[in-house]
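The next block holds one structure in the form of C-alpha cells; read it before the comments.
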Amino acid sequence: MSTANPQALIMPADWRDFFALTKPGVMRLVIFTAVCGMLAAPGTIHPVLAFTAILCIAVGAGGAAALNQWWEADLDAVMKRTAKRPIPDGRMERSSARDFGFALSGLSVMTMGLAISWLAAGILAFSIFYYAYLYTVWLKPRTPQNIVIGGGAGAFPPLIGWIAVTGHITWMPVLLFLIIFMWTPPHFWALALFVQIDYSKAGIPMMPVVAGERSTRRQILAYAAVLLPLSMTPWFIGGTGMIYGLSALLLSGLFLWLSIKVGLRTSATGDGMKPEKRLFAYSIFYLFILFAMLVADRFATVYGIQA
0 MSTANPQALI MPADWRDFFA LTKPGVMRLV IFTAVCGMLA APGTIHPVLA
50 FTAILCIAVG AGGAAALNQW WEADLDAVMK RTAKRPIPDG RMERSSARDF
100 GFALSGLSVM TMGLAISWLA AGILAFSIFY YAYLYTVWLK PRTPQNIVIG
150 GGAGAFPPLI GWIAVTGHIT WMPVLLFLII FMWTPPHFWA LALFVQIDYS
200 KAGIPMMPVV AGERSTRRQI LAYAAVLLPL SMTPWFIGGT GMIYGLSALL
250 LSGLFLWLSI KVGLRTSATG DGMKPEKRLF AYSIFYLFIL FAMLVADRFA
300 TVYGIQA
C-alpha cells in the first residue's frame with residue numbers, strides 16, 4: 000500500500016463523509032441490478048428477507064468502496080475527479096475509512112449468511128474481496144486489463160439477488176453476470192478516454208494511457224459487438240420472453256452503433272469527446288433499462304400477458 004501524505008489538518012468526519020465512502024452513485028446501480036435479479040428469479044421470497052438481502056448487498060458494496068478509497072487515497076488526491084473525496088480532501092482519517100470498510104463488509108456477509116443463505120453470503124464475500132483486493136490492490140496498478148478482469152466485481156449483484164430467491168445457481172443468473180461483465184469495459188473505457196489525463200498523472204495504467212486511444216476505441220467496439228448477442232442469449236435459451244428479447248436487441252443495437260462512432264474515430268480534436276461522453280451516458284441508461292425490461296418480461300409471463 001502506498002503511504003499517504005500527512006494532512007496538515009484532519010477535520011472531524013461526519014455521517015456525510017462516511018456515506019460518501021460508500022460511493023452512493025455506484026451503489027444505486029448495484030441495488031437496482033440486485034433487485035432486478037431478485038424479481039426476475041423464479042419463486043418467491045418473504046418481503047422482509049428480500050429487503051434484508053438487498054440491504055446486505057448494498058452494505059457490502061459500500062464496504063468494498065470504502066476499502067477502495069482507503070487504499071487509493073494518494074491516487075485520489077492526484078486526480079481532479081476524485082480529489083474531493085473525504086480522505087484526500089482532509090475530512091477523514093485514513094484509518095477510519097479502513098475500519099468502516101471492514102466493519103460494513105463483515106456485517107453484510109454475516110447477516111446475509113444468517114438471514115438468507117451461506118451460498119449468497121459466500122458470493123457476496125467473494126465480490127467484496129474481488130473489488131477491494133483483486134481489482135483495487137492487484138490489478139488496477141499493474142495492467143491495462145484491470146477493468147476487464149475487475150469488471151466482475153460489479154457483475155455479482157443480480158447473481159446474488161437471484162440466489163437469495165432460488166437458493167441455487169442456474170444459467171440465467173450466470174448470463175446476467177456475464178452481461179454486466181462484458182458491458183463494463185466499453186462503459187468504463189468511454190469514461191477513461193475523456194479523463195485519461197487524470198489517470199496518466201496518477202500513474203494508473205488504464206487502457207488509453209498504456210495502449211493509446213486507437214487501441215482503446217477498437218476494444219470498445221469489440222466488446223460492444225459481443226454484448227449484442229450475449230444480451231439476447233437469455234431469450235435464445237428460453238429464459239425470457241419477447242419483451243426482454245426485443246428490448247435487448249434494440250438497446251444493444253444502439254449501444255453498438257454508438258460504439259462504432261467511437262471505435263472508428265481517429266481523432267477527438269475539436270469536439271470535446273462528444274461521442275465518447277454520449278456512449279458513457281448511454282451505457283448507464285442501457286443497463287438500467289435492460290434490467291428493467293428483464294423484470295417487466297418476468298411479470299408479463301407470470302400474469303399471462305405473454306407466452
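According to numbering that gives the first Met the number 0, the sequence shown is numbered sequentially starting from 0. Note that beta-carbon positions come from the ideal geometry of N, C-alpha and C, so glycine has one too. Just so you know, these numbers come straight off a predicted model, no measurement behind them.
Beta-carbon contacts of Leu-255 that lie in its chain and below 7 Å, excluding the five residues immediately before and after: Here the set comprises Ala-223, Ala-224, Leu-227.
Separation of Gly-112 from Lys-273, as counted between CA atoms: Rounded to whole angstroms, Lys-273 to Gly-112 spans 45 Å at the Cα level.
Helix, strand or coil at Arg-264 [DSSP, three-state]: Three-state result, Arg-264: coil.
Euclidean distance between Cα positions of Ala-191 and Arg-264: Rounded to whole angstroms, the gap between the alpha carbons of Ala-191 and Arg-264 is 15 Å.
Check whether Leu-103 and Gly-62 have beta carbons under 8 Å apart: Contact: yes.
Endpoints, the alpha helix (DSSP H) within which His-45 is located: Note, His-45: premise wrong, no alpha helix (DSSP H); not H, not E.
Environment of Trp-70 [buried if 16+ CB atoms lie within 10 Å]: Buried.
DSSP-derived helix/strand/coil call for Ile-236: Note: Ile-236 maps to coil in three-state DSSP.
Beta-carbon proximity list for Phe-99, same chain, < 7 Å, skipping 5 on both sides: Taken in chain order, the residues that qualify are Phe-17, Leu-20, Ala-65.
Residue range of the alpha helix (DSSP H) that includes Met-206: First-last of the alpha helix (DSSP H) with Met-206: 206–209.
DSSP-derived helix/strand/coil call for Val-194: Val-194 falls in the coil class under three-state DSSP.
Spatial neighbours of Ile-115 in its chain, beta-carbon cut-off 6 Å, leaving aside the 5 residues before and after: Cβ within range, chain order: Ala-52, Ala-163.
Simplified DSSP assignment, three categories, for Glu-71: If DSSP states are grouped into helix, strand and coil, Glu-71 belongs with coil.
Endpoints, the alpha helix (DSSP H) within which Thr-81 is located: No alpha helix (DSSP H) contains Thr-81, which DSSP labels as neither H nor E.
Same chain, Cβ closer than 6 Å to Ile-148, five either side skipped, listed in chain order: Scanning its chain for C-beta atoms nearer than 6 Å, with the 5 sequence neighbours on each side dropped, one finds around Ile-148 the residues Leu-138, in chain order.
Simplified DSSP assignment, three categories, for Ser-116: Correct three-state label for Ser-116: coil.
Where the alpha helix (DSSP H) through Trp-137 begins and ends: Annotation: Trp-137 is outside any alpha helix (DSSP H) and is labelled neither H nor E by DSSP.
Same chain only: Cβ atoms within 7 Å of Gly-151, ignoring 5 sequence neighbours per side: So the qualifying residues of the chain are Tyr-129, Phe-180.
Candidates Cys-55, Val-77, Ile-219, Met-292: closest to Asp-231 by CA position: For the sequence presented, residue 231 should be read as Met rather than Asp. Of Cys-55, Val-77, Ile-219, Met-292, the residue nearest in Cα terms is Met-292.
Between the CA atoms of Thr-215 and Ser-251 - distance to the nearest angstrom: Each residue's Cα considered, the two are about 19 Å apart.
Under 8 Å between C-beta atoms of Ile-86 and Gln-68: Yes, they are a contact pair.
Proximity below 8 Å, CB of Gly-36 to CB of Pro-233: Not closer than 8 Å, so no.
Status (buried if at least 16 other CB within 10 Å, exposed otherwise) for Thr-32: Thr-32 should be labelled buried.
Pro-46 versus Val-34 - alpha carbon distance: Approximately 12 Å between the Cα atoms of the pair.
Ala-82 classed as buried or exposed, judged by whether at least 16 other C-beta atoms fall within 10 angstroms: By the Cβ neighbour-count rule, Ala-82 is exposed, with fewer than 16 other Cβ atoms within 10 Å of its own.
For Leu-286, the nearest candidate out of Thr-183, Val-261, Pro-140, Ile-196 (CA to CA): Minimum Cα distance to Leu-286 is reached at Thr-183.
Spatially closest choice to Ala-210 from Ala-201, Lys-200, Trp-188, by CA coordinates: Nearest Cα to Ala-210 within the set Ala-201, Lys-200, Trp-188: Trp-188.
Euclidean distance between Cα positions of Leu-307 and Arg-277: This structure cannot settle anything about residue 307, because the visible part of the chain is limited to 0 through 306.
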